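Q: In the numbering used here, the protein residues as written are 413 to 839. Ideal placement from N, C-alpha and C gives every residue a C-beta, glycine not left out. Nothing here was measured: the structure is a model prediction, and the numbers come from that model. There's a structure below that I have some questions on.
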C-alpha cells in the first residue's frame, strides 16, 4: 500500500505532505465550477433569446458592472485580513444567488431578470475564479505552482464536466430557482475548502510568508490594483495577454451564437448543444491537466503553456475562414476552450507566483475582471461592426487569426520574463 501511494504521489507531481492541500484545492475548484457550469447553459440560452444581434449590449453591460465592482473589491481587500477576502466575497455572492432564486420563483419569464442574471453570472464567473487562483498563487511557491497548478485545474474541469450534467438532470424537478439554491450550497462548500487550505498553509508556512502573513490586511486604497498594472511592464504584458485572449474568445463566442442559432432553432436543442460542447471540452481538459500540464511547465517552462494554444487558434481561425460550418466550428471551439483550461489558465496563474501578495490579489483581480471584460466589450463591438459592414464571417476570422498570433508573441515574452523574475541573475 505504501509503495502504491508513493507511486501515485510521484505520478501526480506531488511531494510528501502536499496531499491534503491538493485535495482541498481540487474541492475548491470542483465545487465552484460545478455550480457555475450548472447555470452556464441557462445563461447562454438567455443570451440567444435576447437576440444574437444584441449580444454586444450584454457584453457592454457586463463590463460596466465589472467596473462598478472594482472599488468594492479593492476596499474589501485593503481592509480585511488577507485570509478573509475569499470568505467575505463568496458569502456576498451566496446572498446574490438566493436573491435571484427568489426573483425566478416569482416570475421566471421576465426578460430584464434574465438579462440581469446573464450580466451577474458573467461578473460572478470571473471574480470568484480569479479570487480562487489568487489564493493559490498566494499559498503556493512558484515551484509548487509549476508542479501542481495543472493538477488543481483538473478540479475545475471536473466541475465543468459534472455541472452541465447536474443542470440537465435537475432543471426539470428543481426549476431555475432550485438550481440557484443548489449553486449557493456548492459555493459555500468551495469556501470551506479554501479555509481548510489556508489553515494547512499556516501549519506548513513558506519562508516568504513570515514577512506577509495572511492575518495582515493588504492595506492601500481600492484602486491600487489598477495603478500597479500601469506602473509595471510585466503586469501590462499580462493585461495585454488577457485582452488578446478575451478577443479571441469573444470572436468565437459570437460565431458560436450565430452558427448555433442558424443550425438549431429550438431553444431546448440549443441548450443541449451548449451542454454537450461543455462536456467534451472538460473531458479533454482533465486528461491534459492530469497527464501533461505539470510536466510541460517543469521541463519546458511556463512560456510553452502560453504559446501553444494561441498558435493552434491562429490556424483554427484560418480553417473557419475557409470552411465556416458547424462541424469545423465545434472542433475549433473545443480545442480553444480545452486548451485554455488545461494550458493557458494554469500558465497564466503561474505568472503571478513571482509577485507580491498585494499584486496577487489587487492587480490580478483588476486584470482578470476589468481588463478581461473590457477586452470582451471592445472585441464584441468590433466583431459586430465587421458583421454589419459586410456580413462576411471570413473577414472576422482572418482578423481573429492575426489577434491569435499577437497573443502567442505576448505569451512567449511573458514566459521569458517570469523565468527571469523567478531566477534573478546573481552578481
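What residue range is occupied by the uninterrupted alpha helix (DSSP H) comprising residue 561?
A: First-last of the alpha helix (DSSP H) with residue 561: 554-615.
Q: Just to confirm the assignment: which complete alpha helix (DSSP H) runs, minimum length 4, are found wholly within the segment 721-775?
A: Runs found: 738-751, 757-762.
Q: Do residue 444 and residue 602 have their C-beta atoms within less than 8 Å of each other?
A: Closer than 8 Å, so yes.
Q: So, using beta-carbon positions, are residue 605 and residue 697 closer together than 8 Å?
A: No, these two residues do not count as a Cβ contact at 8 Å.
Q: Can the beta-carbon of residue 481 be found closer than 8 Å to that of residue 543?
A: Their beta carbons are not under 8 Å apart, which means residue 481 does not touch residue 543 by this criterion.
Q: Our contact map puts residue 559 next to residue 710 with C-beta atoms below 8 Å; I'd like the distance itself, whole angstroms only.
A: Indeed they touch by this definition, with Cβ atoms about 6 Å apart.
Q: Just how far apart, CA to CA, sit residue 702 and residue 563?
A: Approximately 5 Å, taken between the alpha carbons.
Q: Using DSSP with H/G/I as helix, E/B as strand and the rest coil, what is residue 515?
A: Here residue 515 sits in helix by DSSP.
Q: Excluding five sequence neighbours on each side, which residues of the same chain lie with their C-beta closer than 8 Å to the C-beta of residue 610?
A: Taken in chain order, the residues that qualify are 495, 547, 551, 626.
Q: Kindly indicate which residue of 764, 770, 787 has the alpha-carbon position closest to the one of residue 831.
A: Of the candidates 764, 770, 787, the one whose C-alpha sits nearest the C-alpha of residue 831 is 764.
Q: If you compare alpha carbons, which of 589, 484, 578 is closest to residue 518?
A: Among 589, 484, 578, the Cα nearest to that of residue 518 belongs to 589.
Q: Please name the residue, chosen from 819, 435, 808, 479, that lies closest to residue 650 on a Cα-to-Cα basis.
A: Among 819, 435, 808, 479, the Cα nearest to that of residue 650 is on 819.
Q: What did DSSP end up calling residue 432 once you bin it into helix, strand or coil?
A: Here residue 432 sits in helix by DSSP.
Q: Where does residue 824 sit, in a helix, a strand or coil, going by DSSP?
A: In the structure shown, residue 824 sits in a helix (DSSP, three-state: H, G or I).
Q: Helix, strand or coil for residue 618 per DSSP?
A: Residue 618 falls in the coil class under three-state DSSP.
Q: Less than 8 Å separating the beta-carbons of residue 809 and residue 727?
A: Going by C-beta atoms, residue 809 is not nearer than 8 Å to residue 727.
Q: Can you tell me where the alpha helix (DSSP H) holding residue 783 begins and where it ends?
A: Looking at the DSSP string, residue 783 is not in any alpha helix (DSSP H), and its letter there is neither H nor E.
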